[in-house]
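Asker: Sharing a structure below in structure tokens format, with a few things to ask.
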Amino acid sequence: MHNELKITVMQTLESNKKTIEESINPISLDLPDFTTDSYKDAYSRINAIVIEGEQEAHDNYISIATLIPNELEELTKLARMEMKHKKGFTACGRNLGVVADMEFAKKFFSKLHGNFQVALEKGNLTTCLLIQAILIEAFAISAYNVYIRVADPFAKKITEGVVKDEYLHLNYGQEWLKENLSTCKEELMEANKVNLPLIKKMLDEVADDASVLAMDREELMEEFMIAYQDTLMEIGLDNREIARMAMAAIV
Ligand code: PL3
Ligand code: FE2
Ligand code: FE2
């Protein structure tokens, strides 16, 4: 083929590919306006929730290490990642000119935070791992996966890096619970019954602000359920047990 013709063919192929990509993924064409007051107002709360969530995740892994001292090194690694996430999301807010509403975020986590602290004091490791490494991480994974589709380019890049780490954190909890399932199943079920409804409430509470960021509530729930159920399956629970656990979200 002549070089000129070759270039024309390649250009045509390339532009066809673009058109196809755009028609497959219309979402990417329809990003929200990141500069409006309503976007920034919603972002001031969501950004704070994420920053507070990352800080609490850090603190929780450090606390969990006091219950499994031989895992100190691994848990310190996870905790360090959480501080990096916090820094990343702080930069996302700054980049949009938003001041995070940290008071709101503290309140948002207060119930779950309280339950974690009580479990920690009692030495209930299974409950601590369920709250942090399963429920909070699955919540973060669902939120970040949905956010990546509608984020500004700066935040998208940061969130893509973060979500990879969150799967590692979910995996950490999963592997510990899998290895200890015979002795921790009852506590796992009980802790789930108490704390999954809190996650559901938190999701409901954030839904309106999330929708201003073009994040859909149903999509958030779907992503959460995928991460949550997948993990319970990997831990070694059967279908009936998983269904029973998931049901705690709707009663
Ligand atoms: C664990 O590593 C971090 C826990 C953070 C929990 C975050 C939950 C987020 C819910 C709000 C959804 C908005 C996502 C947008 C990101 C700027
Ligand atoms: Fe994190
Ligand atoms: Fe995490």
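The sequence shown begins at 1272 in this note's numbering and counts up one residue at a time. The beta-carbon is built from N, C-alpha and C at its ideal position, and this holds for glycine as well.
Rounded to whole angstroms, what is the Cα-Cα separation between phenylalanine 1425 and lysine 1393?
Answerer: Going from the Cα of phenylalanine 1425 to the Cα of lysine 1393 covers about 42 Å.
Asker: What separation, rounded to the nearest whole angstrom, lies between the Cα atoms of glutamate 1325 and asparagine 1510?
Answerer: So the two alpha carbons sit approximately 31 Å from each other.
Asker: Let me know if proline 1297 comes out buried or exposed under the rule of 16 or more other beta-carbons within 10 Å of its beta-carbon.
Answerer: The predicted model places proline 1297 with a pLDDT of 46, which falls under 50 and marks its position as unreliable; any figure quoted below should be read in that light. The residue in question, proline 1297, is exposed, as its Cβ has fewer than 16 Cβ neighbours within 10 Å.
Asker: Closer than 6 Å by C-beta to glycine 1364: which residues in its own chain qualify, once you throw out the five before and the five after it? Chain order, please.
Answerer: If we look at glycine 1364 and ignore the five residues flanking it on each side, its Cβ neighbours are Asn1318, Ala1371.
Asker: Could you tell me which of His1440, Ile1402, Asn1442, Asn1416 sits nearest to glutamate 1431, measuring between CA atoms?
Answerer: Nearest of His1440, Ile1402, Asn1442, Asn1416 to glutamate 1431, Cα basis: Asn1416.
Asker: Please identify the residue among Ile1412, Phe1387, Ala1414 whose C-alpha is closest to the C-alpha of leucine 1401.
Answerer: Selected option, being the one with the closest Cα: Phe1387.
Asker: What number of angstroms, rounded off, separates the C-alpha of threonine 1306 from the C-alpha of serine 1315?
Answerer: Whole-angstrom Cα-Cα distance: 13 Å.
Asker: Enumerate in chain order the residues of its own chain whose CB-to-CB distance from glutamine 1445 is below 6 Å, with the five nearest sequence positions on each side excluded.
Answerer: Around glutamine 1445: Thr1502, Glu1505, Ile1506.
Asker: Under 8 Å, with one C-beta from each stretch per pair, do the segment 1395–1413 and the segment 1478–1488 reach the 3-pair mark?
Answerer: Because the criterion of three Cβ pairs below 8 Å is not met, the segment 1395–1413 and the segment 1478–1488 do not touch.
Asker: Which full runs of the alpha helix (DSSP H) of 4+ residues lie inside the segment 1369–1456, going along the chain?
Answerer: Complete alpha helix (DSSP H) runs here, min 4: 1373–1393, 1396–1400, 1408–1419, 1424–1450.
Asker: CB-CB under 7 Å to valine 1433, same chain, minus the five flanking residues each way: which ones, in chain order?
Answerer: The residues are His1356, Gly1359, Tyr1415.
Asker: Applying the 10 Å Cβ sphere with the 16-neighbour rule, what's the burial state of asparagine 1463?
Answerer: Result: buried.
Asker: Quick one: does the C-beta of glutamate 1437 sit closer than 7 Å to a heavy atom of ligand 3?
Answerer: For ligand 3, at least one heavy atom lies less than 7 Å from the Cβ of glutamate 1437.
Asker: What are the boundary residues of the alpha helix (DSSP H) that includes valine 1522?
Answerer: Per DSSP, valine 1522 belongs to no alpha helix (DSSP H) and is neither H nor E.
Asker: Comparing alpha-carbon positions, which option in Leu1367, Glu1327, Gly1368, Thr1361 lies nearest leucine 1349?
Answerer: Comparing Cα-Cα distances from leucine 1349 to each of Leu1367, Glu1327, Gly1368, Thr1361, the minimum goes to Glu1327.
Asker: Cβ of glutamate 1408 within 7 Å of any heavy atom in ligand 3?
Answerer: True, at least one ligand heavy atom lies under 7 Å from that Cβ.
Asker: Check the C-beta distance from alanine 1336 over to threonine 1347 and give it rounded, since I have them as a contact under 8 Å.
Answerer: Right, their Cβ atoms sit about 7 Å apart.
Asker: State the start and end residues of the unbroken alpha helix (DSSP H) segment that holds aspartate 1509.
Answerer: Where aspartate 1509 is concerned, there is no enclosing alpha helix (DSSP H), given that its DSSP letter is neither H nor E.
Asker: By the 10 Å Cβ neighbour count, where 16 or more other Cβ atoms means buried, how is serine 1453 classified, buried or exposed?
Answerer: So serine 1453 ends up on the exposed side.
Asker: Proline 1528 by DSSP, collapsed to three states: which one?
Answerer: Lying outside 1272 to 1522, the shown extent of the chain, residue 1528 is not represented and no answer is given.
Asker: Quick one: using the 10 Å Cβ neighbour count with 16 as the cut-off for buried, is tyrosine 1438 buried or exposed?
Answerer: By the 10 Å Cβ count, tyrosine 1438 comes out exposed.
Asker: As a quick exercise: from Lys1377, Leu1406, Met1354, pick the residue whose alpha carbon is nearest that of isoleucine 1470.
Answerer: Checked all of Lys1377, Leu1406, Met1354; the closest Cα to isoleucine 1470 is Leu1406.
Asker: Beta-carbon separation of leucine 1367 and lysine 1428 under 8 Å?
Answerer: No, they are not a contact pair.
Asker: For lysine 1486, does the three-state DSSP call read helix, strand or coil?
Answerer: For the record, residue 1486 in the displayed sequence is methionine; it is not lysine. Three-state DSSP puts methionine 1486 in coil, outside helix and strand.
Asker: Can you list, in chain order, the residues of its chain whose CB lies under 8 Å from that of leucine 1441, leaving out five sequence neighbours each side?
Answerer: Same-chain partners within the cutoff: Ala1404, Ile1405, Glu1408, Ala1409, Ile1412, Ala1498, Thr1502.
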